[in-house]
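Trainee: Residue numbers (my numbering): 5 to 128. Note that CB positions come from ideal geometry on N, CA and C, so glycine has one too. Note that the structure is a prediction, hence the values are computed from the model and not measured. Before I ask anything, here is the structure I am working with.
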């Protein structure tokens, strides 16, 4: 009877520990999923800002070409130089934004891999 009671106690203890571990695992996975969602939301907001920045740079560069042509016809080399400096800065900002978009794309791929790993872990 004593051995049976100890055996039952140990079995119940193991079952309780297993259930507690599953609950903890589920909470951790849920937290990881929330973190990934927050990160994706942040990346989406950054992409919107980068899109607007790229659009602004593109529009400003188009206007800069027209402005430079008009200024050079007027014979104002110092303004042409100033506009050239501004255009170079816009090109630089445009390249930076494009590189950041590519980096976000890689980050999203990494997050997708993490989601797949979480999904696999949840079903194992």
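Could you tell me the alpha carbon to alpha carbon distance between residue 26 and residue 43, rounded to whole angstroms?
Mentor: 26 Å
Trainee: State whether the region 47 to 62 contacts the region 93 to 108, with contact taken as three or more CB pairs (one from each stretch) at a distance under 8 Å.
Mentor: yes
Trainee: Distance, Cα to Cα, residue 9 vs residue 124?
Mentor: 38 Å
Trainee: Check whether the Cβ atoms of residue 53 and residue 105 sit closer than 8 Å, and answer yes or no.
Mentor: no
Trainee: Hey, residue 57 and residue 107 are a contact pair by Cβ (cut 8 Å); roughly how many whole angstroms apart?
Mentor: At roughly 14 Å, the Cβ-Cβ gap does not stay under 8 Å, so residue 57 and residue 107 are not in contact.
Trainee: Between residue 71 and residue 87, is the Cβ-Cβ spacing less than 8 Å?
Mentor: Against a cut-off of 8 Å, the Cβ pair of residue 87 and residue 71 comes out as a contact.
Trainee: Measure from the alpha carbon of residue 127 to the alpha carbon of each residue in 14, 20, 13 and 30, then state which is nearest.
Mentor: 30
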